[in-house]
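Asker: Per the working numbering, the very first residue in the sequence shown carries number 35; after that it's consecutive. For each residue, glycine too, the CB sits at the ideal point set by N, CA and C.
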Amino acid sequence: MKLWTHDRARFPLPARHRFPLDKYPLLRARVVADGIARADEIHESDPVPWPVLERVHDAAVLARIRDGELSVREERGLGLPWSPALVDRARRSVAGTLAAAHEALERGAAMNLGGGTHHAGHAFARGYCLFNDVVAALGELRATGLAERALVIDCDVHQGDGTADLLGADPHAFTVSLHGARNYPFQRVPSDLDIDLPSGTGDPDYLEALSGALDVALRRCTPEIAFYLAGADPWEGDRLGRLALTKAGLRARDELVLDRLLGAGVRVCVVLAGGYAEDIRDTVDINAATAAAVAARQTAQPGRGSAVGTV
Ligand SMILES: [Zn+2]
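(1) Considering only their Cβ atoms, is the gap separating D195 from G155 smaller than 8 angstroms?
(2) Apart from the five residues just before and just after G111, which ones in its own chain have a Cβ nearer than 6 angstroms to its Cβ?
(3) Could you tell me which residues DSSP puts in a beta bridge with W269?
(4) Using CA coordinates, which residue listed in D122, M145, A307 is at the minimum distance from L132?
(5) Do the region 162–169 and the region 316–329 touch if we need at least three Cβ pairs shorter than 8 angstroms?
(6) Measure the alpha-carbon distance for L114 versus L47 and round it to whole angstroms.
(7) For ligand 1, I want to know if H206 counts as a neighbour, meaning its beta carbon is within less than 7 angstroms of at least one of the ligand's heavy atoms.
(8) Determine the burial state of G299: buried for a count of at least 16 other Cβ atoms within 10 Å of its Cβ, exposed for fewer.
(9) Is V191 near ligand 2, judged by its Cβ being under 7 angstroms from some heavy atom?
(10) Hey, which unbroken runs of the beta strand (DSSP E) at 3 residues or more fall wholly within the region 278–338?
(11) Among K57, I259, P268, which one has its Cα closest to the Cα of L147?
(12) Compute every distance between the C-beta of G308 and the non-hydrogen atoms of ligand 1, then say whether any falls below 7 angstroms.
(13) To the nearest whole angstrom, what separates the beta carbons of V86 and A170, a pair I think is in contact under 8 angstroms?
(14) Comparing the CB of D267 with every heavy atom of ligand 1, is any distance shorter than 7 angstroms?
(15) In three-state terms, what does DSSP make of T39?
(16) For the putative contact between G214 and V191, defined by C-beta atoms under 8 angstroms, what is the C-beta separation to the nearest angstrom?
(17) Does the Cβ of Q332 have 16 or more other Cβ atoms within 10 Å, making it buried, or fewer, making it exposed?
(18) For F261, is the classification buried or exposed, using 16 other Cβ atoms within 10 angstroms of its Cβ as the cut-off for buried?
(19) Among the candidates E270, A326, Y240, R107, whose CA atom is the shortest distance from the CA of D313?
(20) Using the Cβ count rule (16 or more neighbours within 10 Å means buried), how would you classify D84?
(21) Would A311 pass as a contact of D288 if the rule is Cβ separation under 8 angstroms?
(22) So, V65 versus A325, is the Cβ gap smaller than 8 angstroms?
(23) So, helix, strand or coil for H156, using DSSP?
(24) Can the beta-carbon of L201 be found less than 8 angstroms from the beta-carbon of V186?
(25) Cα-Cα, which of A198, E75, T39 is closest to P59?
(26) Buried or exposed: which applies to V291, given that a residue is buried once 16 or more other Cβ atoms fall within 10 Å of its Cβ?
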């Protein structure tokens with residue numbers, strides 16, 4: 035299947051920083067090795083044009099990000115050292131999510147091997163997130179008349195405060211976040227539906243809560259597209275997460291989200307979000323399993339198969 039990445043757009047990081055820069059090239063190699071995508075099906079996204087970001091983010095904050103004029107406090111909140119390469123990479127990540135959203139509208143489900151930068155709000159960039167790729171992509175789909183009503187299912191272990199900030203008052207968007215109750219961010223912006231899970235929550239309780247949340251969401255809205263943040267950080271070995279899901283539990287999570295949404299006729303754009311395992315290969319395992327689940331559910335392209343129109 036087609037995938038998008040920005041793995042070669044690296045940026046300077048101090049030694050032993052927790053941001054998993056090497057996850058992205060390893061994931062690209064892994065999905066090819068596993069036969070999920072051919073090498074020539076993995077596209078390197080260009081930087082998204084600034085007007086796509088200007089539609090959803092505060093102009094003054096964008097100017098400070100573009101020009102390297104974030105305050106010390108803002109840069110500390112971001113958790114990454116500013117550089118032109120960092121900004122370039124973040125724009126490519128947004129473009130990947132937008133391309134995957136277009137592909138999801140065509141093929142039922144699609145995935146960006148990046149994105150999920152859910153801590154970026156209208157006028158703040160924090161928690162490793164410069165721009166909110168999901169909300170920027172949705173803005174572009176709306177501007178081009180491709181979709182209006184959207185659902186965000188955020189299964190990263192951290193609460194989706196930036197997405198909630200951007201879409202909270204939006205009558206055509208419904209935001210769901212399932213996260214560790216005691217995880218970052220400690221000052222929350224409420225989603226339409228927040229599920230706070232106790233530390234140590236394992237597979238059965240997590241999947242039950244997720245199933246209930248999907249039921250509520252699909253009763254409360256009729257989305258044309260859903261964005262699914264398939265964070266790897268609810269895994270039991272994650273350094274930043276406080277939940278205790280197994281890899282099998284995370285696969286079951288992916289299948290539950292994809293099957294419930296596709297079964298309801300909703301297109302699904304999947305993005306990576308976080309993952310901070312001690313051994314980066316564990317995060318790559320989890321992300322690759324998500325990609326395999328998406329690949330197994332894509333329909334044929336128009337004119338190339340019998341499954342067209344059955345999503
Ligand atoms: Zn996270």
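Answerer: A quick look at the data gives this:
(1) A contact, by the Cβ cut-off of 8 angstroms.
(2) Contacts found: R160.
(3) BP columns for W269 point to L279.
(4) Closest by alpha carbon: M145.
(5) By the Cβ test, the region 162–169 is not in contact with the region 316–329, since fewer than three Cβ pairs between them sit closer than 8 angstroms.
(6) In a straight line, the C-alpha of L114 is about 7 angstroms away from that of L47.
(7) In this structure, the C-beta of H206 stays at least 7 angstroms away from each heavy atom of ligand 1.
(8) Its Cβ having fewer than 16 others within 10 Å, G299 is exposed.
(9) This structure lacks ligand 2; its bound ligands are ligand 1.
(10) Counting only runs of 3 or more residues that sit fully inside the region 278–338, the beta strand (DSSP E) segments are 301–305, in chain order.
(11) Among K57, I259, P268, the Cα nearest to that of L147 is on K57.
(12) Result yes, Cβ under 7 angstroms from ligand 1.
(13) About 5 angstroms; that satisfies the 8 angstroms criterion.
(14) Yes, the Cβ of D267 comes within 7 angstroms of a heavy atom of ligand 1.
(15) In this structure, T39 counts as strand in the three-state DSSP scheme.
(16) Rounded, the Cβ-Cβ distance is 5 angstroms, consistent with contact.
(17) Buried.
(18) With at least 16 other beta carbons inside 10 angstroms of its own, F261 counts as buried.
(19) Among E270, A326, Y240, R107, the Cα nearest to that of D313 is on E270.
(20) The sequence given here has Trp at residue 84, not Asp. Exposed is the label assigned to W84, since fewer than 16 other Cβ atoms lie within 10 Å of its Cβ.
(21) Judged by their CB atoms, A311 and D288 are not nearer to each other than the 8 angstroms cut-off.
(22) Yes, the Cβ-Cβ distance between V65 and A325 is below 8 angstroms.
(23) DSSP places H156 in the coil class of the three-state scheme, outside both helix and strand.
(24) In contact: L201 and V186 (Cβ atoms closer than 8 angstroms).
(25) Ranking the options by Cα distance to P59, first place goes to T39.
(26) The residue in question, V291, is buried, as its Cβ has 16 or more Cβ neighbours within 10 Å.
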